Amino acid sequence: MPALLWDVQDQHLSEAEFCCETWERSIDSPIYTLGEVRAFPEERLMANIMGLVVGGQPVLDRLVRPILDEDLDDDRFRTAAAALAILDGAGRDGPDIVLGYLTMAGSEGSWGLVRAMHLSRRTDLAERLISSLPDHDGLALAGRLEGLVGLGVDVGKRLRVWFKHDLPRVRRAAAWLARHSTSSKVLKRLLKLMRDPDPGLREAAIESALIRGLPGSWQLACEAAFEQPEPGPGPGLAAGGAGSLRRAALGWVAMQGSAAAHAQLVTMLRGRPDSDLLWAAGVSARPEAAALAVELLDHPTLARLAGELLTYVAGLPTTVDDYWLDEGAHGAYGADADEALPELDDDDLDAELVPPDERRLRLPNPATVRAWWSERRHALSPGLRYFAGQALAPAVAEQALIRAPMRRRHALALELAIRSAGIGILDTRAPARVQHRRTTEIFATLDRLAAEGRGTVDFQGGLPLM
């Protein structure tokens with residue numbers, strides 16, 4: 004074997020870490036499509052991982068393993084890159100090595116280890132994780148289940164046991180996995196979790212139940228959407244908390260509700276505008292929501308989201324500069340905080356360097372957008388739901404999941420899963436290569452069922468509020 008160029012291997016590791024972070028951000032990008040994510044950050048990540056793998060055991064021992072041994076919780080993306088290199092490059096022992104760190108990891112390290120499992124190209128990983136479940140508990144069990152959540156597999160009837168586990172992470176992961184279960188006993192036990200006091204567990208349980216069409220799930224979704232939010236820290240709520248549950252529930256109502264349910268969302272938004280309601284109104288895909296978004300184009304904090312809604316529903320072009328006042332924040336340097344990071348001398352070096360999601364959206368030009376809407380609105384029927392100006396239907400959803408910006412795919416994919424009763428489950432945070440293959444499989448199955456006269460997915464009908 005030729006002598007290793009250690010500076011090149013160091014570069015591969017640094018690039019892999021950078022690409023892990025870039026890939027994670029791209030999953031919520033308002034600009035990049037699935038094909039673009041696959042072509043740039045994902046393939047570049049895998050190329051640098053392969054560069055480390057080709058270096059063999061000396062590279063893993065000298066450069067990669069020390070990250071997990073000494074800096075496991077230092078940087079989640081560096082941990083993910085190191086764990087991915089071991090999973091894909093250490094042969095049969097790779098999964099055992101990575102899984103061995105689960106009990107030592109804090110939140111950052113655990114995130115990196117689990118994300119590496121989701122990104123790995125190993126074809127035996129799900130089987131290895133499932134076979135090891137009976138031998139582990141606590142953090143080791145939680146990490147394995149969270150890894151399986153991202154792999155989208157049915158782990159069997161043992162989920163019933165983990166629904167009652169002492170560790171919240173285990174219960175939540177089990178509830179997420181329930182959407183893939185073929186066991187009636189598992190789904191029956193899931194019903195009880197929909198009223199659990201843990202908001203994160205309730206969210207996972209209700210969403211899985213909606214996908215599987217379980218009784219009572221729609222009623223609880225409506226209750227979670229419209230119950231009065233409790234006073235608290237507001238936007239800073241941790242993921243999986245009460246704020247997250249309300250936003251998710253508003254989305255469920257927007258995805259599956261009737262025209263009257265959507266009208267109530269718009270009425271609430273008009274009375275007290277907030278970002279969660281505006282997002283849900285966009286998911287409702289109603290022209291009425293687009294009309295209200297036009298009124299919010301001057302809003303000091305919601306204007307960007309209003310512009311996104313008009314793109315999402317009515318088809319406002321994002322590439323015609325006349326309709327926009329800026330490019331959105333992308334991490335460049337400059338004086339305008341809405342467009343860029345501050346100059347170095349004025350920068351808070353402890354601040355979050357990634358622009359908030361909403362500030363990555365372009366700021367609409369109220370005058371030109373209103374002129375566009377005055378002509379466009381007549382092409383939209385009040386009784387229909389739309390995606391980018393087209394009446395929402397399976398063929399439109401298929402093209403959107405392939406070609407729409409990543410940020411706009413999450414809600415549409417979840418709606419497809421719910422309306423297809425679990426046939427069309429697509430994880431929009433999975434690797435792009437997996438998503439592309441899965442999208443093809445889903446719509447081939449739906450087309451076959453339609454050809455056999457076994458029904459189609461209806462994106463226009465909806466359920467009344469309960």
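In the working numbering, each number is its position in the sequence shown, counted from 1, plus 3.
We put the beta carbon where it would ideally sit given N, CA and C, even for glycine.
Only a predicted model underlies this, so the values are computations on that prediction, with no experimental measurement involved.
Using the Cβ count rule (16 or more neighbours within 10 Å means buried), how would you classify residue i?
| i | result |
| --- | --- |
| residue 18 | buried |
| residue 448 | exposed |
| residue 323 | exposed |
| residue 453 | exposed |
| residue 164 | exposed |
| residue 234 | Note on residue 234: pLDDT 49, under 50, position unreliable in the model; no value is reported. |
| residue 45 | buried |
| residue 9 | exposed |
| residue 398 | exposed |
| residue 14 | exposed |
| residue 211 | buried |
| residue 381 | exposed |
| residue 265 | buried |
| residue 259 | buried |
| residue 333 | exposed |
| residue 241 | Confidence is the limiting factor: at residue 241 the pLDDT is only 37, short of 50, which leaves the residue's position unreliable, though a coordinate-based value still follows. Exposed, since its Cβ has fewer than 16 Cβ neighbours within 10 Å. |
| residue 361 | buried |
| residue 184 | buried |
Can you tell me where the alpha helix (DSSP H) holding residue i begins and where it ends?
| i | result |
| --- | --- |
| residue 291 | 290–298 |
| residue 120 | 110–122 |
| residue 13 | 9–29 |
| residue 80 | 79–92 |
| residue 51 | 46–57 |
| residue 330 | Note, residue 330: premise wrong, no alpha helix (DSSP H); not H, not E. |
| residue 426 | That residue, residue 426, is in no alpha helix (DSSP H); it is neither H nor E in DSSP. |
| residue 369 | 369–379 |
| residue 450 | 435–454 |
| residue 2 | Given that the chain is displayed from residue 4 to residue 469, the structure contains no residue 2 and the question cannot be resolved. |
| residue 359 | Looking at the DSSP string, residue 359 is not in any alpha helix (DSSP H), and its letter there is neither H nor E. |
| residue 153 | 141–154 |
| residue 211 | 202–214 |
| residue 399 | 397–406 |
| residue 231 | First-last for residue 231: undefined, no H or E at that position. |
| residue 273 | 262–274 |
| residue 315 | 306–317 |
Would you tell me roughly how many angstroms separate the C-alpha atoms of residue i and residue j, rounded to the nearest one?
| i | j | result |
| --- | --- | --- |
| residue 206 | residue 251 | 7 Å |
| residue 227 | residue 253 | 8 Å |
| residue 469 | residue 263 | 12 Å |
| residue 273 | residue 301 | 14 Å |
| residue 77 | residue 16 | 15 Å |
| residue 445 | residue 386 | 28 Å |
| residue 169 | residue 188 | 21 Å |
| residue 268 | residue 422 | 20 Å |
| residue 133 | residue 373 | 54 Å |
| residue 167 | residue 32 | 37 Å |
| residue 119 | residue 286 | 31 Å |
| residue 229 | residue 249 | 8 Å |
| residue 391 | residue 463 | 15 Å |
| residue 42 | residue 442 | 17 Å |
| residue 291 | residue 388 | 10 Å |
| residue 363 | residue 138 | 45 Å |
| residue 109 | residue 30 | 24 Å |
| residue 314 | residue 161 | 44 Å |
| residue 176 | residue 203 | 10 Å |
Under the assumption that residue i contacts residue j (Cβ atoms under 8 Å), give the Cβ distance between them as a whole number of angstroms.
| i | j | result |
| --- | --- | --- |
| residue 316 | residue 293 | 5 Å |
| residue 86 | residue 71 | 7 Å |
| residue 365 | residue 310 | 6 Å |
| residue 221 | residue 383 | With 8 Å as the limit, residue 221 and residue 383 do not qualify as a contact, their Cβ atoms being about 27 Å apart. |
| residue 181 | residue 190 | 7 Å |
| residue 326 | residue 255 | Going by Cβ atoms, the distance from residue 326 to residue 255 rounds to 31 Å, so no, they are not a contact pair. |
Review point. Is the segment 85–105 in contact with the segment 141–158, if contact means three or more CB pairs nearer than 8 Å?
Key: Short answer: they touch.
Check your understanding: For the segment 430–438 against the segment 275–290, are there 3 or more C-beta pairs whose distance is under 8 Å?
Key -> Not touching, per the Cβ criterion.
Practice item. Would you check if the segment 35–42 and the segment 399–416 touch, i.e. whether three or more CB-CB distances between them fall below 8 Å? Key: Contact holds: three or more Cβ-Cβ distances are below 8 Å.
Point to revise | Cβ contact (3+ pairs, closer than 8 Å) linking the segment 54–65 and the segment 122–138 | key: Below 8 Å, too few C-beta pairs join the segment 54–65 and the segment 122–138 to call them touching: fewer than three.
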